[in-house]
Amino acid sequence: GAGVSQSPSNKVTEKGKDVELRCDPISGHTALYWYRQRLGQGLEFLIYFQGNSAPDKSGLPSDRFSAERTGESVSTLTIQRTQQEDSAVYLCASSLDGRADFGYTFGSGTRLTVV
Amino acid sequence: GNSVTQMEGPVTLSEEAFLTINCTYTATGYPSLFWYVQYPGEGLQLLLKATKADDKGSNKGFEATYRKETTSFHLEKGSVQVSDSAVYFCALAGTGYSSASKIIFGSGTRLSIRP
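Sequence order for the protein chains is C and S. With the numbering used here, the residue at position 84 of the first sequence is 93, and numbering never jumps. With the numbering used here, the residue at position 65 of the second sequence is 371, and numbering never jumps.
The following block contains the structure:
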């Protein structure tokens, strides 16, 4: 597609429920990244995919967080048993070949609110 | 590990004022440096970048020079406009396989321009 697409744009969920966030990268981009942005704070790296493997998942905050990617396409970030501290904007980005030093293209994010 | 420190906000200026947002970094090797911008209600966009020492990145009247001797990448604009009101993030991507897999972001600086 023309840009990085994320869905839903907003999600309100009850504490303890599971949520799935989706990211469609730019067509042909082999690398995909997930970040989290808490209110008023910077971006926190979560996980990086090259193709459908994840060579760097050092930023996943707990085992409640997982992500997968189908080929060089859609990725899903799953948060199980959500907690209020999971409330944040979850941003997805993609790049052509995994060279982060060329910069990323970001999606508009999913705003997650856990009540 | 790699890190980015940027000037805390908010920064409030009058239209046509000179802008500087300070950014310093810690990294091994020769990282690439970026400024990203997040306009109200929009996703992150790459504003400018520099990939080696003494390079100057520029876009939309903004400039930043990669200074290895002072490990800095300060953002400047000679005459700001109301439309420049946004949150600005300084960022770096390291060298080497694992470092190049992700961009490290600063905490962001909110800029507000008064008419």
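Built from N, CA and C at the ideal position, the CB exists for glycine as well. Since this is a predicted model, take the numbers as computed values, not measurements.
Among the candidates the options, whose CA atom is the shortest distance from the CA of residue i?
{"i": "ALA63 of chain C", "options": "C:PRO70, C:ALA40, C:ARG47", "result": "C:ALA40"}
{"i": "ASP360 of chain S", "options": "S:THR377, S:LEU319, S:VAL317, S:ARG373", "result": "S:ARG373"}
{"i": "PHE368 of chain S", "options": "S:THR357, S:THR376, S:LEU352", "result": "S:LEU352"}
{"i": "ARG90 of chain C", "options": "C:GLY112, C:SER75, C:GLY118, C:SER36", "result": "C:SER75"}
{"i": "ILE409 of chain S", "options": "S:ALA333, S:GLU321, S:LEU325", "result": "S:ALA333"}
{"i": "ALA392 of chain S", "options": "S:ALA399, S:SER418, S:SER413, S:GLU375", "result": "S:SER418"}
{"i": "THR114 of chain C", "options": "S:TYR342, S:THR318, S:SER309", "result": "S:TYR342"}
{"i": "GLY158 of chain C", "options": "C:GLU94, C:TYR42, C:LYS26", "result": "Residue coverage of chain C in this structure runs from 10 to 124, which leaves residue 158 of chain C outside it and unanswerable."}
{"i": "ILE56 of chain C", "options": "C:TYR44, C:GLY49, C:GLN50, C:LEU48", "result": "C:TYR44"}
{"i": "LYS358 of chain S", "options": "S:PHE324, S:SER389, S:GLY307, S:GLY400", "result": "S:GLY400"}
{"i": "LEU52 of chain C", "options": "S:PHE411, S:ARG416, S:PHE340, S:PRO421", "result": "S:PHE411"}
{"i": "ALA397 of chain S", "options": "S:LEU381, S:SER389, S:SER385, S:ASP390", "result": "S:LEU381"}
{"i": "LEU339 of chain S", "options": "S:PRO316, S:ASN308, S:PHE379", "result": "S:PHE379"}
{"i": "SER36 of chain C", "options": "C:SER14, C:GLN50, C:SER96", "result": "C:SER14"}
How far does the beta strand (DSSP E) with residue i in it reach, from first residue to last?
{"i": "ARG416 of chain S", "result": "415 to 420"}
{"i": "GLY363 of chain S", "result": "362 to 365"}
{"i": "ALA399 of chain S", "result": "392 to 399"}
{"i": "TYR355 of chain S", "result": "One detail in the question is off: residue 355 of chain S reads as Lys in this sequence, not Tyr. Element bounds for LYS355 of chain S: 350 to 356."}
So is residue i buried or exposed if we call it buried at 16+ other beta carbons inside 10 Å?
{"i": "PHE54 of chain C", "result": "buried"}
{"i": "PRO17 of chain C", "result": "exposed"}
{"i": "LYS383 of chain S", "result": "buried"}
{"i": "PHE395 of chain S", "result": "buried"}
{"i": "PRO34 of chain C", "result": "buried"}
{"i": "ALA356 of chain S", "result": "buried"}
{"i": "TYR345 of chain S", "result": "exposed"}
{"i": "SER134 of chain C", "result": "Since the first and last residues shown for chain C are 10 and 124, residue 134 of chain C lies out of range."}
{"i": "GLN93 of chain C", "result": "exposed"}
{"i": "LYS26 of chain C", "result": "exposed"}
{"i": "PRO421 of chain S", "result": "exposed"}
{"i": "ALA323 of chain S", "result": "exposed"}
{"i": "GLY335 of chain S", "result": "exposed"}
Where residue i and residue j are concerned, what is the direct C-alpha to C-alpha distance, given to the nearest angstrom?
{"i": "SER405 of chain S", "j": "SER364 of chain S", "result": "Low per-residue confidence applies at SER405 of chain S: pLDDT is 48, beneath 50, and the placement is therefore not dependable enough to give any value."}
{"i": "LYS301 of chain S", "j": "THR119 of chain C", "result": "The structure shown has nothing for residue 301 of chain S, since chain S only spans 307 to 421."}
{"i": "GLY12 of chain C", "j": "ALA102 of chain C", "result": "10 Å"}
{"i": "TYR331 of chain S", "j": "VAL310 of chain S", "result": "4 Å"}
{"i": "LEU30 of chain C", "j": "GLN59 of chain C", "result": "19 Å"}
{"i": "VAL124 of chain C", "j": "GLN46 of chain C", "result": "18 Å"}
{"i": "SER71 of chain C", "j": "SER84 of chain C", "result": "19 Å"}
{"i": "GLY117 of chain C", "j": "GLY349 of chain S", "result": "Residue identity differs from the one stated: residue 117 of chain C is Ser in this sequence, not Gly. So the alpha carbons of these two residues sit roughly 4 Å apart."}
{"i": "ARG73 of chain C", "j": "PRO316 of chain S", "result": "34 Å"}
Quick one, are the C-beta atoms of residue i and residue j less than 9 Å apart?
{"i": "LEU121 of chain C", "j": "TYR99 of chain C", "result": "yes"}
{"i": "LEU86 of chain C", "j": "CYS32 of chain C", "result": "yes"}
{"i": "GLU314 of chain S", "j": "GLN387 of chain S", "result": "no"}
{"i": "GLU77 of chain C", "j": "HIS38 of chain C", "result": "no"}
{"i": "THR376 of chain S", "j": "GLN312 of chain S", "result": "no"}
{"i": "VAL21 of chain C", "j": "ILE88 of chain C", "result": "no"}
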